[in-house]
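Reviewing the structure listed below.
Numbering (our numbering), first residue to last: 229 to 482.
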């Protein structure tokens with residue numbers, strides 16, 4: 229009950245506890261992860277695939293460098309139209325793209341301990357989503373190849389929404405597919421300062437940067453938290469989930 233001033237008296241304590249419990253239950257444990265060079269080593273897989281492709285075709289060794297340079301930032305079928313001409317290949321663009329998708333999926337790997345850590349996050353109540361730039365077929369294939377597809381709650385590849393990160397729409401759709409809303413908060417974890425961290429911040433998410441030993445660039449607002457790699461990031465979020473705290477401890481994870 230309340231007294232005349234509207235304050236809870238001792239008789240209202242159970243009601244207060246009930247309200248507090250509901251507030252705790254509404255703390256949203258949503259973690260959106262970038263895929264390439266965050267959860268999986270895209271650059272390493274690309275290098276290995278290009279070398280194997282060139283070797284199998286009897287092409288000059290330097291052709292592998294030409295392929296990795298062409299596909300360094302992103303890859304789509306139109307890139308293979310140019311690669312086909314440059315290397316004098318007779319394959320169709322569709323078959324070259326299909327070989328790339330299958331080859332990258334076979335080589336998709338995540339750091340040891342990351343999958344187990346993500347399963348632990350799920351057991352702790354986290355919703356795990358993927359917000360990634362790229363064509364849907366290649367991104368979903370890499371998730372399958374890395375053994376991550378079965379543990380994520382929702383995936384949004386930019387090709388499915390017609391825009392790319394840092395556009396809010398990619399983060400919003402990834403959250404929606406996890407059964408969540410950006411308005412209720414969450415985290416964005418990624419390796420790219422502008423696309424992942426700044427994009428996630430503007431979408432209303434707390435941000436965790438995967439540094440891989442790099443220095444944060446000047447002139448860009450710092451992330452809430454910096455981790456060396458995906459495993460450190462997952463361990464950090466697991467601890468945050470256990471504490472049910474919505475306020476991040478900013479700085480570097482040691």
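No residue lacks a Cβ here, since even glycine has one placed at the ideal position from N, Cα and C.
message = Can you look up residue 448 in the DSSP assignment and give me helix, strand or coil?
response = coil
message = By alpha-carbon positions, which one of 396, 294 and 302 ends up nearest to residue 313?
response = 294
query = Under a Cβ-count criterion, where at least 16 other Cβ atoms within 10 Å of its own Cβ denotes burial, should residue 386 be classed as buried or exposed?
reply = buried
task = Indicate the three-state DSSP secondary structure (helix, strand or coil) for residue 310 in the structure shown.
result = helix
query = Which ranges does the alpha helix (DSSP H) cover as unbroken runs of at least 4 residues, wholly within the region 409-472, from first to last along the chain?
reply = 427-430 and 458-471
task = Might you give, ordered along the chain, the residues of its own chain that have their beta carbon closer than 6 Å to the beta carbon of residue 175, omitting 5 neighbours on each side?
result = Outside the displayed span of the chain (229 to 482) sits residue 175, for which this structure offers no information.
task = Closer than 7 Å by C-beta to residue 333: which residues in its own chain qualify, once you throw out the five before and the five after it? Chain order, please.
result = 369, 370, 372 and 373
key: Opening and closing residue of the beta strand (DSSP E) in which residue 360 lies   = 355-360
ask   = Should the region 402-420 be regarded as contacting the region 432-441, the criterion being three or more beta carbon pairs within less than 8 Å?
value = yes
request  = Work out the CA separation of residue 316 and residue 461 for me, nearest whole Å.
outcome  = 44 Å
ask   = Would you call the region 401-411 and the region 361-368 in contact, with 3 or more CB pairs under 8 Å?
value = no
task = Excluding the 5 residues preceding and the 5 following residue 417 in the sequence, name in chain order all residues of the same chain whose CB lies nearer than 6 Å to its CB.
result = 261, 436 and 461
key: Residue burial classification, residue 443 (beta-carbon count within 10 angstroms, cutoff 16)   = exposed
ask   = alpha helix (DSSP H) containing residue 389: first to last residue?
value = Taken as a continuous stretch (DSSP letters only), residue 389 belongs to no alpha helix (DSSP H), as it is neither H nor E.
task = Could you name the residues that DSSP lists as bridge partners for residue 406?
result = Beta-bridge pairing links residue 406 to no other residue.
query = For the ligand NAP, is there a heavy atom less than 7 Å away from the beta-carbon of residue 471?
reply = Absent from the structure shown: the ligand NAP. Ligands present: none.
ask   = Residues in its own chain within less than 6 Å of residue 427 by CB, not counting five upstream and five downstream?
value = 393 and 394
ask   = What number of angstroms, rounded off, separates the C-alpha of residue 328 from the C-alpha of residue 269?
value = 15 Å
key: Ordered list of alpha helix (DSSP H) runs contained in the region 308-344, each at least 4 residues   = 321-335
message = Quick check on residue 290: buried or exposed, where buried means 16 or more other Cβ atoms within 10 Å of its Cβ?
response = exposed
key: Neighbour-count burial assignment, residue 362, 16 or more Cβ in a 10 Å radius   = buried
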